[in-house]
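The block underneath contains the structure these notes are about, expressed in structure tokens.
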Amino acid sequence: MTSIASPILKRRSGRLGHKVRIAAGVIVSLIFLFPIYWMVLTSLKQPVDIFTTPPTFFFEPTIATYVEYFRRADISRRLINTIIVAAGSGVLSIIVGSMAGYALARVRIRGATTMGLLILLSRGVPPIALAVPMFLVARKLGLTDKHITLILAYCTFLIPYVMWLMRSFFISLPRELEESAMIDGCSRYGAFLKIIVPISLPGLLSTLIFSMILAWEELLFALVLTNRYASTIPVAIAGIAGDTINGANWGALTAVGTITVVPVVIFALLVQKWLIRGLADGATKG
Amino acid sequence: MSTLDIHNVYKAYGSVEVLHGVSLNIKDGEFVALVGPSGCGKSTLLRMIAGLEDITAGDIVIGDRIVNDVAPKNRNVAMVFQNYALYPHMNVRDNMGFPLRQRRMPKAEIERRVNDAARILGLEPLLERKPRALSGGQRQRVAMGRAIVREPNVFLFDEPLSNLDAKLRVQMRSEIKELHQRLGITTVYVTHDQIEAMTLADRVVVMNGGIIEQEGPPLELYDKPASRFVAAFIGSPPMNFLEGEIADGAVLVLADGTRLQLPAGRQYRRAHVTVGVRPEHFELHETGWPATVSVIEPTGSETQITARMAGQIVRILVRGRTLVMPGEVIHLQVRSELLHIFEDEVARGSRVLHLQEKQYA
């Protein structure tokens, strides 16, 4: 049926297909965004409005829950902790992971592939199986409830992640770039820093952003390894949700949830240019 | 400026040996082309000279220094890659100045050298552009500029023209030659294109299967190929080969029984020989070997005739134009001093065939 379709018909059906795609995109986005919308909405309701049936969309908004829980759940300190831990583990994992990825991509090491696979395999271990030994180690070292402990713990899953993403990115770069730099006066390390890193900046940044988001929302290790001083926001949410004495306070839960999401959204909007460029570059750069 | 000596160099990746003992002495200021089919080891050898590959055995000497264990950056060689390897995040000026900045040269000196190179290569209007805003030929020039600002001991070129279109390739070829004549820097040039090698180099080194088949001035390789491989590789269109048995002293009997008279008065050591004739050495003559014309390809200055002779295809190149038509039977003659006779060297296996000392009438 290919021969008789006129160009006009084809174009029209193309336009129709385009519309269908847009509609599908909108529907999928709505499905994903609705819970977040509902969370923000709930966080602004009075406790009495939260459980009304049918649910209300119009009410007198209040930020009372925010004000109260900022104080009660020590949100400002947790926010700072989360930023420190996310930034620290993100930066550390990008430095170590990109170098490891580069080595796997370029340096001729016996068993490099096996080594890489083993490191990746370590991500297959359920985190819960690692949490308890990690806690014991941290306690022996006197490192419980410290930022550095969480940063190091997060690096255990972030470094393999960064390593594999950057490895494939580095493989896609022409080898001659470093070789040329090495002939032009660089050591291999110098060629990496002066040529490869600047070229890979979009890829490195998008990987950094993803790593930081993973660290930002991590709960299990934070729950096990911190207590009060270095505790992060997801721990606070878990605390509110798991309050068996007073029952879950949905207003508080949604308010803290919103506080968790907002910085990520702002951050993602700020860096979206890099994010998109990085993803595209990694896919196509020859 | 420097000599470059390669002494009995081997290269193996694990148990796979790719270079089987290569020796080559390159004079100061000489232009040497390494040529051969892909996988012959020419690029590997070049990369070993640059220091990008380890040397399994043997020595590479630049000037009077053994550089086997010297890092690439300390060998004072400059290399131009097939894909140019320009640094995409730097503009042309920074690309060319990069090797000098790495050597912590004073800013003024860097500026002077980059401007000089840009003038020589006609890159002055492009100095602030990024590589992605340049055409293939311009990128190629920047890569050469980056090499010449170094004033290195040795220039290394790894198939630098392969990514350019045919017209630009010819133009850049003469630019490279001019540059070499002007700077007089020892140059090693790798290519799979024998025309490039012949036209550019003072000396051509033909490699095959990890060894040097033959080295010499371009026309010596053309006139006196040392093996059937070199004979087939050098020259375009390639040499015709006729295989057969020697009978009655000087008659070549081809597979289908056709008898071709060979020049008399020489001894053939073996019964089985291969006769090589370059397309341009055939002459049309009534008393020659008969052949049936199948295709005529005129290019104006010359005409290539494809014909069948004793079941085999032969190519004939005649100057100017010809009145010969497809289907016609022509007679081909070759002056005896232009015949190449290869005899199987059984003792060394059948790969290398030797040219018997030629008789010049």
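The listed protein sequences derive, respectively, from chains Z and X. Under UniProt numbering, the first residue of the first sequence is numbered 1, with each subsequent residue one higher. Under UniProt numbering, the first residue of the second sequence is numbered 1, with each subsequent residue one higher. Where is the CB? At the ideal position from N, CA and C, for every residue including glycine.
Min CB distance residue i to chain X below 7 Å
| i | result |
| --- | --- |
| Glu179(Z) | yes |
| Met166(Z) | no |
| Gly185(Z) | yes |
| residue 355(Z) | Only positions 1 to 286 of chain Z appear in this structure, which leaves residue 355(Z) out of reach. |
| Pro198(Z) | yes |
| Ile195(Z) | yes |
| Gly282(Z) | A caution first: Gly282(Z) carries a pLDDT of 43, below 50, which makes its placement in the model unreliable, though a value can still be read off. Not closer than 7 Å to any Cβ of chain X, the Cβ of Gly282(Z) fails to qualify, so no. |
| Pro174(Z) | yes |
| Gly247(Z) | no |
| Met182(Z) | yes |
Residue-chain proximity (residue i, chain Z), Cβ-Cβ < 7 Å
| i | result |
| --- | --- |
| Gln102(X) | yes |
| Tyr189(X) | no |
| Phe155(X) | no |
| Pro72(X) | yes |
| Ala85(X) | yes |
| Met79(X) | yes |
Nearest-angstrom Cα separation, counted from residue j out to residue i
| i | j | result |
| --- | --- | --- |
| Ala105(Z) | Met115(Z) | 12 Å |
| Arg139(X) | Val314(X) | 41 Å |
| Gln261(X) | Gln214(X) | 30 Å |
| Ser168(Z) | Asp165(X) | 31 Å |
| Met182(Z) | Tyr102(Z) | 15 Å |
| Ala222(Z) | His147(Z) | 10 Å |
| Ala310(X) | Gly276(X) | 15 Å |
| Gly225(Z) | Ile195(Z) | The sequence as given places Leu at residue 225(Z); Gly does not occur at that position. The straight-line gap from Cα to Cα measures roughly 39 Å. |
| Tyr69(Z) | Gly247(Z) | 16 Å |
| His7(X) | Ser135(X) | 40 Å |
| Leu86(X) | Ala143(X) | 7 Å |
| Arg77(Z) | Asn227(Z) | 13 Å |
| Val67(Z) | Ile245(Z) | 22 Å |
| Gly17(Z) | Ala23(Z) | 10 Å |
| Leu339(X) | Leu254(X) | 16 Å |
| Thr306(X) | Tyr13(X) | 43 Å |
| Leu219(X) | Glu286(X) | 31 Å |
| Gly51(X) | Val67(X) | 8 Å |
| Ala226(X) | Cys186(Z) | 42 Å |
| Val352(X) | Leu242(X) | Unreliable positioning characterises Val352(X) in this predicted model, as indicated by a pLDDT of 38, which lies under 50. The coordinate reading is nonetheless provided below. The straight-line gap from Cα to Cα measures roughly 16 Å. |
| Thr207(Z) | Ile50(Z) | 38 Å |
Whether residue i touches residue j by CB criterion (7 Å)
| i | j | result |
| --- | --- | --- |
| Trp216(Z) | Ala86(Z) | yes |
| Ser98(Z) | Met39(Z) | no |
| Val149(X) | Val204(X) | no |
| Leu220(Z) | Cys155(Z) | no |
| Leu19(X) | Lys11(X) | yes |
| Phe31(X) | Thr191(X) | no |
| Ile213(Z) | Val264(Z) | yes |
| Val107(Z) | Ile159(Z) | no |
| Val293(X) | Glu245(X) | no |
| Arg146(X) | Leu121(X) | no |
| Glu176(Z) | Phe81(X) | yes |
| Val77(X) | Leu156(X) | yes |
| Leu4(X) | Ile62(X) | yes |
| Ile94(Z) | Val162(Z) | yes |
| Pro263(X) | Ser336(X) | yes |
| Met90(X) | Ala117(X) | no |
| Ile151(Z) | Ser211(Z) | no |
| Ile55(X) | Val9(X) | yes |
| Ala291(X) | Ile330(X) | yes |
| Pro61(Z) | Leu33(Z) | no |
| Ile171(Z) | Pro88(X) | no |
Counterpart residues of residue i in DSSP-defined beta bridges
| i | result |
| --- | --- |
| Lys11(X) | Leu19(X) |
| Tyr189(X) | Ala33(X) and Phe157(X) |
| Glu243(X) | Thr274(X) |
| Arg315(X) | Thr306(X) |
| Asn25(X) | Asp5(X) |
| residue 385(X) | The question about residue 385(X) has no answer, for chain X in this structure spans 1 to 361. |
| Asp59(X) | His7(X) |
| Val329(X) | Thr292(X) |
| Val297(X) | A quick correction: the sequence has Glu, not Val, at residue 297(X). Gln304(X), per the DSSP bridge assignment. |
Proximity test, residue i beta-carbon vs the ligand GTP heavy atom, cut-off 6 Å
| i | result |
| --- | --- |
| Gly185(Z) | Ligands are entirely absent from the displayed structure, and the ligand GTP is therefore not among its contents. |
Using a beta-carbon distance cut-off of less than 7 Å, what residues from the region 87-111 of chain X approach chain Z?
For chain Z, the residues of the region 87-111 of chain X that bring a beta carbon within less than 7 Å of one of its beta carbons are Tyr87, Pro88, His89, Phe98, Pro99, Gln102 and Arg103, in chain order.
Contact list for the region 43-55 of chain X against chain Z, Cβ threshold 9 Å:
Answer in chain order: Arg47, Ala50, Gly51 and Leu52.
Using a beta-carbon distance cut-off of less than 9 Å, what residues from the region 18-35 of chain X approach chain Z?
Those residues of the region 18-35 of chain X that come within reach of chain Z (Cβ to Cβ, closer than 9 Å) do not exist; the list is empty.
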